[in-house]
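Numbering (our numbering), first residue to last: 1 to 150.
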């Protein structure tokens, strides 16, 4: 994928979109370094399709999610994240044919400010604490890495 090619994601954005939005936020019209973004302290939530790798990356970095599954096992993962583990909320479609439009905005607001923020923040905080402990001297990750290098 090269800029200007048929597959360039910026071809799908409206003309002038990046220029108009540059002072509002950051748009990455190509593949983003997802793990680095999730690890950043300013990341308050993650709109996820609930693929397993993305789910694990978000959980490890303690970032709560808005679950929006698209295919196959992603629906099962969304149920696990929302109803069992409690680190995600899920917008409910109230419009015909499962279109969630305004519900996505409502879910984002709920994740950042509402009850969902309080509920989803508990598990990710404990994930961050465990991750720090695992990386500390003598932690599980350090021991495992040392053991595999011998």
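We treat Cβ as the ideally placed atom computed from N, Cα and C, and that holds for glycine.
Q: Determine the closest residue to residue 33 out of 78, 23, 54, with distance taken between C-alpha atoms.
A: Nearest neighbour of residue 33 by Cα position, chosen from 78, 23, 54, turns out to be 54.
Q) Any idea which residues DSSP pairs residue 48 with across the strands? A) 67, per the DSSP bridge assignment.
(Q) Suppose contacts are defined by Cβ-Cβ distances below 8 Å. Is residue 46 in contact with residue 68 by that definition? (A) No, these two residues do not count as a Cβ contact at 8 Å.
Q. In this structure, what does DSSP give as the bridge partners for residue 87?
A. As far as DSSP is concerned, residue 87 takes part in no beta bridge.
Q.
Using the three-state DSSP reduction, which class does residue 13 fall into: helix, strand or coil?
A. Residue 13: coil per DSSP, three-state reduction.
Q. Does the beta-carbon distance from residue 63 to residue 43 come in below 8 Å?
A. Cβ distance < 8 Å, so residue 63 and residue 43 count as in contact.
Q.
Quick check: the Cα distance between residue 59 and residue 87, rounded to an integer number of angstroms?
A. A straight-line Cα-Cα distance of about 8 Å links residue 59 and residue 87.
(Q) Can you tell me whether residue 26 is helix, strand or coil according to DSSP? (A) Residue 26 falls in the coil class under three-state DSSP.
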